[in-house]
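The structure appears below as structure tokens.
Protein chains: 2
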Amino acid sequence: MTATPPGLRERKKQATREALREAALRLAVERGPDRVRVEDIAEAAGVSPRTYNNYFASREQAIVSAVTADREARIAAAVAARTADVRLADAVTEAVVEQYTNTGERAHEALLLITTRPALRDAFLDTTAGIEPPLAAVIAERLDDTGAHTARVLAASVAAAVRIALETWLRPTGDADTAGTLVVPSGPLPDQLRTALAPLAPAFDAAEQRTQT
Amino acid sequence: MTATPPGLRERKKQATREALREAALRLAVERGPDRVRVEDIAEAAGVSPRTYNNYFASREQAIVSAVTADREARIAAAVAARTADVRLADAVTEAVVEQYTNTGERAHEALLLITTRPALRDAFLDTTAGIEPPLAAVIAERLDDTGAHTARVLAASVAAAVRIALETWLRPTGDADTAGTLVVPSGPLPDQLRTALAPLAPAFDAAEQRTQT
DNA sequence: CAGGAAAGATGCGTGCACGCAAGTTTGCGT
DNA sequence: ACGCAAACTTGCGTGCACGCATCTTTCCTG
């Protein structure tokens, strides 16, 4: 299908995107998020400020995207990896939990920074919307193509639930001045995610039921 | 509870907000959305441009809010009006359909304009997120307070579904130059809404079941 | 391999969002 | 009725997002 080897153009684009992500995160960590201007990020990545905005629509997006990276694709893949003998609801839940707990070392450092500034926090939460399209695709695959509409709604609901889980997880953040304490805010993230996704299970079961008939 | 009579301060604030909404929509209709600057809206409403931004975080929000107004509250009320003898899922669905089809005459004219400009279209779709909090509240009321978490997730899912319904409804919009033709883009909106909300019904039933035990 | 088309990078200009620090109005206790 | 405190408005300054026109790079086709 999409087996065409990348091509120089595309590779350069990804390299630039990567460089911007990297530069944004590094600078934000180094001097604090407020003291990084778009101009600085662009310069550090070796492109013009205008080009920066061809890749990211806001200053926050670049920083956040260094952490979230290709999480959307990985979630979709993780769902697809679960064979049809596990309930769809479980497959999705486990895939989500898996991908949100596998945050690398660097992500931890960055998350402290992100949860501090409201603007970054919001941008981070907004990334959950991005998991909808790929999720909808894999769900639709399991639902027979009669349920394409249903798949989309379920995927969007999952995205919404994940957002809520992250919100409540980040809730009681208050202090953290310069260095920041290494506290895990609310309950453990996996629990929050499972709790938030649980109410949707019946909807998944019903949808799945209808295709297995 | 909140029985304190408004008070002058609060009334003035609402008046200003109203004036801004009104001015924004009127000007946008009169000369087209692109030829309205924040400065113009502020002037028409008799406040400074800076004050405008104390009420609305973006130019689009003011225009859109003239149409969406207090839809959130009305949806919540419409759900609350349904007594406990109808399924929660149905109550919510009907309440949503009811409130989204009762668009006044003026809304129709405005909607044409909104669907034209991508920025406005996005702002309009973003308003669906606003129905979550009040919806969560009324749902929680029906679910016994053990399910506050569940209520929030369900409300967010409904918001997501409504958004999808609106998106697919607005999909094939292309023309509309000056006056605009009065075509209903896709299928009728109520159908889109019902279709989008249907997959969530099992989740509502399950939640409702658990409290009736 | 030549040459043109398509995609991307860049500079410039405009309007916008928002923090901050006054100035002004409203509300309330005495 | 007075006056203070809190809420709101406003002007200013900064950085930002993005449309448009132009120049450069990559790609494809003959």
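Line order of the protein sequences matches chains A and B.
213 is the number that the numbering used here gives the last residue of the first sequence; the numbers go up by one with no jumps.
426 is the number that the numbering used here gives the last residue of the second sequence; the numbers go up by one with no jumps.
Heads up, the beta-carbon is just placed ideally off N, CA and C, and yes, glycines get one too.
Note that the structure is a prediction, hence the values are computed from the model and not measured.
So what does DSSP say about residue i, is it helix, strand or coil?
{"i": "F204 of chain A", "result": "helix"}
{"i": "R250 of chain B", "result": "coil"}
{"i": "S271 of chain B", "result": "coil"}
{"i": "A297 of chain B", "result": "coil"}
{"i": "R71 of chain A", "result": "helix"}
{"i": "L223 of chain A", "result": "Nothing can be reported for residue 223 of chain A, as the shown portion of chain A is limited to 1 through 213."}
{"i": "G174 of chain A", "result": "Residue confidence for G174 of chain A is low, a pLDDT of 40 falling below 50, so the modelled location carries little weight and cannot support an answer."}
{"i": "P6 of chain A", "result": "coil"}
{"i": "P118 of chain A", "result": "helix"}
{"i": "V79 of chain A", "result": "helix"}
{"i": "R423 of chain B", "result": "helix"}
{"i": "N315 of chain B", "result": "coil"}
{"i": "P401 of chain B", "result": "coil"}
{"i": "S370 of chain B", "result": "helix"}
{"i": "V260 of chain B", "result": "coil"}
{"i": "L410 of chain B", "result": "helix"}
{"i": "D357 of chain B", "result": "coil"}
{"i": "G343 of chain B", "result": "helix"}
{"i": "T181 of chain A", "result": "Unreliable placement is indicated for T181 of chain A, whose pLDDT of 39 sits below 50; the coordinate value is still reported in the next sentence. In this structure, T181 of chain A counts as coil in the three-state DSSP scheme."}
Could you name the residues of chain B that residue i contacts, counting a contact when the two beta carbons are closer than 9 Å?
{"i": "I232 of chain A", "result": "Residue 232 of chain A is absent from the structure shown; chain A starts at 1 and stops at 213."}
Identify, in the order they occur along the chain, each residue of the same chain with its Cβ nearer than 7 Å to the Cβ of residue i, setting aside the five sequence neighbours on each side.
{"i": "G343 of chain B", "result": "E285"}
{"i": "A76 of chain A", "result": "P134, L135, A137 and V138"}
{"i": "Q99 of chain A", "result": "R71, R74, I75 and A78"}
{"i": "L182 of chain A", "result": "Below a pLDDT of 50, predicted positions are generally treated as unreliable, and L182 of chain A, at 40, falls in that range; the measurement from the model is reported next regardless. Around L182 of chain A: no qualifying Cβ."}
{"i": "T306 of chain B", "result": "R407 and L410"}
{"i": "R21 of chain A", "result": "A62, S65 and A66"}
{"i": "D253 of chain B", "result": "L240"}
{"i": "A140 of chain A", "result": "G147, A148 and A151"}
{"i": "E380 of chain B", "result": "L338"}
{"i": "R334 of chain B", "result": "I327, T328 and L383"}
{"i": "A207 of chain A", "result": "L143, G147, T150 and L154"}
Strictly below 7 Å CB to CB, what residues from chain B border residue i?
{"i": "I164 of chain A", "result": "R365, V366 and A369"}
Applying a beta-carbon distance threshold of less than 8 Å, which residues of chain B neighbour residue i?
{"i": "D205 of chain A", "result": "P415"}
{"i": "P118 of chain A", "result": "Those within 8 Å of P118 of chain A in chain B number zero; the least Cβ separation is about 13 Å."}
Taking all protein chains shown into account, do 16 or more other C-beta atoms lie within 10 angstroms of the C-beta of residue i, making it buried, or fewer, making it exposed?
{"i": "E60 of chain A", "result": "buried"}
{"i": "T51 of chain A", "result": "exposed"}
{"i": "G187 of chain A", "result": "exposed"}
{"i": "A62 of chain A", "result": "buried"}
{"i": "E345 of chain B", "result": "buried"}
{"i": "S157 of chain A", "result": "buried"}
{"i": "Q405 of chain B", "result": "buried"}
{"i": "Q209 of chain A", "result": "exposed"}
{"i": "H108 of chain A", "result": "exposed"}
{"i": "P262 of chain B", "result": "exposed"}
{"i": "V86 of chain A", "result": "exposed"}
{"i": "P6 of chain A", "result": "exposed"}
{"i": "P217 of chain A", "result": "As shown, chain A starts at 1 and ends at 213. That puts residue 217 of chain A outside it, with no answer to give."}
{"i": "A372 of chain B", "result": "buried"}
{"i": "R224 of chain B", "result": "exposed"}
{"i": "R31 of chain A", "result": "exposed"}
{"i": "A270 of chain B", "result": "exposed"}
{"i": "A228 of chain B", "result": "exposed"}
{"i": "P118 of chain A", "result": "exposed"}
List the residues of chain A whose Cβ lies closer than 8 Å to the Cβ of residue i, in chain order.
{"i": "A372 of chain B", "result": "A160"}
With a CB to CB cut of under 6 Å and the five nearest residues on each side skipped, what residues in its chain are close to residue i?
{"i": "A91 of chain A", "result": "V79 and R82"}
{"i": "A23 of chain A", "result": "I41, A44 and A45"}
{"i": "A95 of chain A", "result": "I75, A78 and V79"}
{"i": "A378 of chain B", "result": "Q405, L406 and A409"}
{"i": "Y55 of chain A", "result": "R17 and L20"}
{"i": "L8 of chain A", "result": "none"}
{"i": "V251 of chain B", "result": "P262, Y265 and R272"}
Can you pull the chain A residues whose beta carbon is under 7 Å from the beta carbon of residue i, in chain order?
{"i": "T408 of chain B", "result": "H149"}
{"i": "P412 of chain B", "result": "T150, V153, L154, A203 and A207"}
Closer than 8 Å by C-beta to residue i: which residues in its own chain qualify, once you throw out the five before and the five after it? Chain order, please.
{"i": "A84 of chain A", "result": "R142"}
{"i": "V162 of chain A", "result": "V96, Y100, T128, I131, L193, A196 and L197"}
{"i": "T424 of chain B", "result": "R355, L356, D357, T359 and G360"}
{"i": "L224 of chain A", "result": "There is simply no residue 224 of chain A to check, as chain A begins at 1 and stops at 213 in what is shown."}
{"i": "V29 of chain A", "result": "E109, A110 and L113"}
{"i": "T103 of chain A", "result": "V67 and L111"}
{"i": "D205 of chain A", "result": "R87, L88 and A89"}
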